[in-house]
């Protein structure tokens with residue numbers, strides 16, 4: 001039995017979709033907070049386990065009879081790291097034989113501008129220290145998040161971000177989910193680390209050029225300074241925490257943190273990951 005946490009989320013649902021193609025539905029379970037919101041999964045034979053990262057007892061109950069658990073990293077909650085620790089502790093207590101985790105592919109944890117990203121490496125350390133056999137997935141920034149960065153007026157106003165000429169080996173969530181499922185369906189769990197990225201890196205100049213070509217509208221990328229970017233978001237009414245989070249992502253891109261390129265995603269998929277132009281066409285429905 002393989003338990004996927006965050007089963008109704010973007011990456012969790014992508015993993016489950018692929019697992020259902022690789023194994024019997026009765027061997028796939030999804031951790032959810034509310035069964036009613038996962039009726040479609042239940043209808044397809046996915047076992048639903050109710051649990052919450054903040055409730056260790058519920059997690060331990062959800063993991064009974066489970067051989068593998070995929071911990072899909074949580075959001076930006078202040079207690080997010082403790083939530084991860086709770087899942088790891090529950091897996092150990094329940095006797096889970098393999099714990100997998102969706103972390104991040106970043107160049108240097110010691111020089112990150114976005115403190116939220118440090119949490120991934122702290123979680124990895126905690127998993128190692130637990131003694132539970134593990135598989136770690138270090139994922140590059142999802143291509144699917146680009147609309148959040150470029151904004152809803154991208155075709156009218158272009159792209160204005162404090163990312164300099166930093167490059168990212170963007171990959172689609174769908175590709176990531178498929179690859180993660182392929183690994184989870186394998187019987188091995190030998191403390192492996194996979195670095196999942198696209199096959200090449202792209203700057204926001206490349207993103208702008210691809211959007212221009214796909215839409216037929218001129219889209220330009222203009223690098224701006226971080227204070228200008230933050231002031232613009234604050235004027236739009238975004239909370240300071242969100243503003244600083246987005247600025248941190250972009251500063252790390254500018255500093256090359258997201259520029260890792262690994263062949264492992266292509267190897268596990270058995271095909272090249274979706275390239276930028278094709279991915280943007282689907283994301284922006286162009």
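Numbering (UniProt numbering), first residue to last: 1 to 286.
Glycine included, C-beta positions come from ideal geometry on N, C-alpha and C.
Here the structure is a predicted model, which means the values were calculated and not measured.
For residue i, report the span of its beta strand (DSSP E) as first-last.
i           : result
residue 47  : 47 to 50
residue 104 : 98 to 104
residue 223 : 221 to 223
residue 38  : Note, residue 38: premise wrong, no beta strand (DSSP E); not H, not E.
residue 276 : First-last for residue 276: 276 to 283, but that is the alpha helix (DSSP H), not the beta strand (DSSP E).
residue 72  : 68 to 72
Out of the options, state which residue places its alpha-carbon closest to the alpha-carbon of residue i.
i           : options            : result
residue 143 : 107, 203, 126, 118 : 203
residue 157 : 220, 105, 146, 123 : 220
residue 36  : 8, 58, 14, 63      : 8
residue 87  : 104, 106, 132      : 132
residue 302 : 23, 238, 38        : Given that the chain is displayed from residue 1 to residue 286, the structure contains no residue 302 and the question cannot be resolved.
residue 192 : 285, 128, 64, 92   : 128
residue 207 : 275, 46, 124       : 275
residue 161 : 77, 150, 115       : 150
residue 50  : 58, 44, 43         : 58
residue 241 : 76, 62, 1, 18      : 76
residue 248 : 281, 122, 278, 229 : 229
residue 70  : 80, 91, 56         : 91
residue 222 : 1, 165, 234        : 165
residue 22  : 1, 189, 244        : 1
residue 99  : 125, 255, 20       : 125
residue 108 : 253, 285, 269      : 253
residue 84  : 177, 64, 52        : 52
residue 278 : 226, 259, 215      : 215
residue 10  : 187, 177, 251      : 177
residue 79  : 123, 43, 284       : 123
residue 173 : 61, 280, 60, 233   : 280
residue 269 : 218, 18, 3, 6      : 18
Following the continuous alpha helix (DSSP H) through residue i, name the residue where it begins and the one where it ends.
i           : result
residue 229 : 226 to 235
residue 160 : Taken as a continuous stretch (DSSP letters only), residue 160 belongs to no alpha helix (DSSP H), being part of the beta strand (DSSP E) at 159 to 161.
residue 185 : No alpha helix (DSSP H) holds residue 185; DSSP gives it neither H nor E.
residue 209 : 204 to 215
residue 117 : 115 to 130
residue 153 : Premise fails: residue 153 is in no alpha helix (DSSP H) and is neither H nor E.
residue 271 : Counting along the chain, residue 271 falls outside any alpha helix (DSSP H), and DSSP gives it neither H nor E.
residue 300 : This structure gives no information on residue 300, because the portion of the chain shown stretches from 1 to 286.
residue 14  : 10 to 22
Just confirm the distance between the C-beta atoms of residue i and residue j, as a whole number of angstroms; I'd bet it's less than 8 Å.
i           : j           : result
residue 48  : residue 41  : 7 Å
residue 185 : residue 273 : With 8 Å as the limit, residue 185 and residue 273 do not qualify as a contact, their Cβ atoms being about 19 Å apart.
residue 67  : residue 28  : Incorrect: roughly 12 Å between the Cβ atoms, too far for contact.
residue 135 : residue 102 : Their Cβ separation, rounded to whole angstroms, is 10 Å, which puts residue 135 and residue 102 out of contact at 8 Å.
residue 195 : residue 138 : 5 Å
residue 181 : residue 46  : Their Cβ separation, rounded to whole angstroms, is 13 Å, which puts residue 181 and residue 46 out of contact at 8 Å.
residue 112 : residue 245 : Wrong, their Cβ atoms sit about 12 Å apart, outside the cutoff.
residue 330 : residue 210 : Summary: the structure shown does not reach residue 330, with the chain confined to residues 1 through 286, and so no result is reported for it.
residue 168 : residue 201 : 6 Å
Which residues does DSSP list as the beta-bridge partners of residue i?
i           : result
residue 193 : 136
residue 243 : None; residue 243 has no bridge partner.
residue 29  : 3, 47
residue 55  : 52
residue 87  : Per DSSP, none; premise fails for residue 87.
residue 171 : 142
Any heavy atom of the ligand COA closer than 7 Å to the Cβ of residue i?
i           : result
residue 183 : Although the ligand COA was asked about, the structure shown includes no ligands whatsoever.
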